[in-house]
Each structure stands twice: as C-alpha cells, then as structure tokens.
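For the sequence shown, this note's numbering begins at 732 and goes up steadily by one.
Beta carbons are placed, not taken as given, at the ideal position from N, Cα and C, and that holds for glycine.
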Amino acid sequence: MAGLERRSRSRLAFKVCDEISWIAEAAVKGVVGIFGGERREFTLALVEELCKENRDCVVVCCDQRFLQLGVRYSRFRAARLGVNASLNPFKPVGEVDPEDYAVMLVELLMELLDLDQLQARYLLRALRKLYEGERLDPSVEEVDDALLAVEAEITARELFKLEAVRGLLEELSTGGLAAVFSSCSPISEEELLSKPSILDLSQIPGARFKALAAALALLKKLLLRRPLSFIMDEAALVFSSSGRRVRKHCLLELLDGQAVRGGAVLLGLEPSEFTADVYARCTVKVFTKPLSIGSERNFNEPTPPSLPLHSGEALVVSEDQQVSLVRFKVKESLLTEEELAEELRIPREWLPRRTERRSLLQRILGDRFLAEEAYKLLCFLRGNRAPYNGLKGFSNLPDQLFEGILRALLRHKLIASYFDDKGIRWFVVTDLGEQAADEHSEKRGGDG
C-alpha cells in the first residue's frame, strides 16, 4: 500500500492510506463487506477504481448515483428493472440443464419467499412440464397455467397450499412487478449479466421482491460463467440474519461461487443485518462508521467503538486483521432524476404492464365463451345440487362442449359429485368453485 503513515487513535495503531486499489484487488478475489452510512459513497469510489484498473463488474443497486457511473463510463450498460429491462425468473440461461435450473430456482424461492416443501414440489412439477415441452422462456402466466394442470393431480386437502403459490404468481404478473419479472425485455439477460452493467432496482415495490431480483441477478450471472465482480447494494435484503425458517443454504452456495468467479462486494448498514455465515465470508471489511460496543464484541473486530470517523474516512480490516484508515472521495449526484432518464433514454412505458389477470375460469377453459358457460353452471349449482340430466337440461351446449366443461370443473375441483343410494350421480359446487364464480363475476363487471 502506497503512501502509508502510522497513526494512533484510542490506543489503536493503524495505517493511513489514500488509495483503495488494494481493496479493489480484494473485491475481485473474495468477498468484501462495506458497512455504515457512507457505504454507497465508498462503493462508488471502489467501482471507479475498478474501472480505472480495467476490471469489470456487475452492480445491483438502489441508488441512482451508480446509474450515473453507467452514464459516465461507456463500458457499462445501465438499466432499470421494470423500466427498460426485466428478469424472467423462469428462464434458464447459459448452458445449464433446464431441470437443474428449475431445482436451483425453487430452492431460491424457498429461501427468499418462504415456500414450503410441498409448495416447492408443485412449482417444480409445473416447471418440468413446461421445460419438457421445450418452453424455455415461459411467462409468469404460463407457469400459472402449468400449475393448473398440477392442481388437477392433487387432493382437495392440498389445494390451499397450491393456491398460495398461485397467489405469489399473481403478484409477479400484475402492476409494476409485471414489468420487472417479464418474459420480454428490450435488453437481454445475457447482455445485462455477462458484461459490465449497472442494474437499478429502485423501481421495484417491496423489499422481498427487490431481494428476489438481486438474487436472480446473482444466480443468472453465475450461470453465464463470466468472471465479473458482483456488487450488491442493500445485500441484507438477500442475506438477512432474521425472519426466515430456511437456513439459506442455496444463497450461501451462490455467494461462495461468486467469491471464486470474480469476487463479491456486499453493502449493509450494520454487520448484524447479516447472518454470521455471510459475515464470516467477508475477507475484507470496510466500516464507514465505528461499530457499536455490542457489535464490536459480537463480531470480534479490532475497531474501537469510540474512534471518530469523518466524512470520506473508513476503517478497513484486512484478512490478516490489520486495520487501516482509508480516505476516499465522496461524490455528489451530478444529474437530476429527469436528466438521468434522458441520458439513459428510458421510455416511460417500454415494457407491457398487466394490470389484471384473466379469471381462473378463463385460464382453465382457454376460451371466454366457455368460461361464461362454466360460470353459469357454477351459479346454477350455488345453494343447490343437481343430477347430470338437470345440469345438461340447464345448458344449451352441444354434448361434447358440455362434457368438456364438466370434466374441467371436476378436474380442478370447482365442483364435486357423489352417488346416492339409488345410483343417481349428483353434482355440487365446492368452496373453490364459489370463489372462482365470484372472481369471474368481478372481472366481468359483476353483471349476470
């Protein structure tokens, strides 16, 4: 380290350094953790250092100043998820086997979105159906439709588990999230994640979906096998120390893989935001504010809690536990949000945004007319039971169409049937069928 001198504060001897090139070196060979209120300012300086040294990186961020770096350095592709780019969770990338990708994705969803084993199994089955049919870039709606086929294979007792998965897919395919996790993107995932890029997540609503987007970017970047450093802003959203049942095994594997394939930089306000396993993987730790007394004790770092730090200063603990005080330049934003959008040429409505999904009856039957006929049958059965001939007499459909609707309603458990002691088969609507009728009524405006 050039330009070093010895200083002492609070009885701790440390080196003073005005260069961060040695930290940039660590960022491409292992895991660097950056903590404190000026973590982004330090990281901006670090990214600039990487650029000066011709080292490439992918930055996943929630701060527009990183996008400004993308404007300043032409080597970067700057993009905003949900505005001019998207990530399709269900699309394998690189040379990975689609079934292997499905397993990795489902494990990721279990850890980030709390899917249980049964729900994960349903989703995996649906993805296998799609991939076996050579549908390797399915939309969220296509995955939901594949789940309908799975629904027909499970017991009525398990339906509520599957409905929770379908509820999650509905979130992903409506409103602003539809543009974030779309299967159509103006910028390909390969271009975004196999070359230097700045990927902004600030337009994504909700912390858990920001975490999903960041983790997907890391997974796909690794599968593309390019040796770029990966810098993750607000990394505690992904590697949180609390709130999940699952032991983040899949996420740790991703972090370990990235550590040896380009290096990683994780940003967080406090070390305590991360699991101990994640924090222990940080070979270099940067503190832009002193650790609290409790944190110092818990994480066993040689940084005194009473040591004052000024803006543009950070304490850095190296892998061999040597402490340095590093000075860095804090850069202010140079562009307004409007100017940045103009520089990036971001159109307001580039990606399609679905605001409403088709009703369950429309998705099951695939035809608006047949869905209307099914809706009429469900309404007829509400509060009643009917034998086969009674139902057939109510409908004016040809036999083949009527039988097809009846089979679909039975298969998806919207109606049920039983035989009385005279051998007559009766049909009744189920709770799920009543919900489907209500949903269809709302989507058609409540008329009829």
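- The three-state secondary structure of Ser-960, taken from DSSP, is strand.
- A distance below 8 Å separates the beta carbons of Pro-958 and Gly-993.
- Here Arg-888 is exposed. Its C-beta has fewer than 16 other C-beta atoms within 10 Å.
- In the three-state reduction of the DSSP assignment, Ala-809 falls in the strand class, which pools E and B.
- Lys-860 sits in a helix when the DSSP states are folded into three classes.
- Comparing alpha-carbon positions, the option among Gly-768, Asp-749, Gly-764, Glu-772 lying closest to Lys-1062 turns out to be Glu-772.
- Judged by their CB atoms, Thr-1014 and Val-762 are nearer to each other than the 8 Å cut-off.
- The criterion of a C-beta distance shorter than 8 Å is not satisfied by Leu-775 and Ala-755.
- The DSSP assignment places complete alpha helix (DSSP H) segments of no fewer than 4 residues inside the region 860-935 at 871-882, 890-903, 908-911, 920-924, in order along the chain.
- The closest CA to that of Val-996, considering only Glu-750, Phe-745, Ile-751, Ile-765, is found on Ile-765.
- Within the same chain, Val-763, Val-1015 come within 6 Å of Ala-757 by CB-CB distance, once the 5 residues on both sides are set aside.
- Taking a cut-off of 8 Å for Cβ pairs, the region 1132-1151 and the region 1093-1100 touch, as three or more such pairs fall below it.
- Counting only the Cα atoms, Glu-863 lies some 36 Å from Asp-964.
- At the C-beta level, Leu-855 and Val-837 come within 8 Å of one another.
- Rounded to the nearest whole angstrom, the CA to CA distance from Arg-770 to Leu-878 is 42 Å.
- Taking C-beta atoms as the reference points, Ala-810 and Leu-930 count as a pair closer than 8 Å.
- By DSSP's assignment, Gly-1114 forms no beta bridge with any residue.
- The residue from Leu-1122, Ile-962, Gln-1052 with its alpha-carbon nearest to that of Cys-793 is Ile-962.
- Bounds of the alpha helix (DSSP H) holding Ile-1136 are 1130-1142.
- Cβ-Cβ separation between Leu-1109 and Ala-1102: approximately 10 Å, too far for a contact (criterion under 8 Å).
- The Cβ neighbour count for Glu-842, taken over all protein chains shown within 10 Å, is at least 16; the residue is labelled buried.
- Of the residues Gly-813, Leu-867, Arg-859, the one whose Cα lies closest to the Cα of Lys-822 is Leu-867.
- In the structure shown, Ser-752 falls within a helical segment according to DSSP collapsed to helix, strand and coil.
- Judged by DSSP in its simplified three-state form, Ile-1155 adopts coil rather than helix or strand.
- Rounded to the nearest angstrom, the Cβ distance from Lys-941 to Leu-932 is 5 Å, consistent with a contact under 8 Å.
- Under a 10 Å Cβ-count criterion, Ser-870 is classified as buried, with 16 or more other Cβ atoms of the shown protein chains found around its own Cβ.
- Excluding five sequence positions before and after Ser-914, the CB atoms of its chain that fall closer than 6 Å to its own CB belong to Asn-819, Asp-868, Ser-870, given in chain order.
- In the structure shown, the three-state DSSP call for Val-827 is coil.
- Here the region 944-960 makes contact with the region 981-991; the two share three or more CB pairs at distances below 8 Å.
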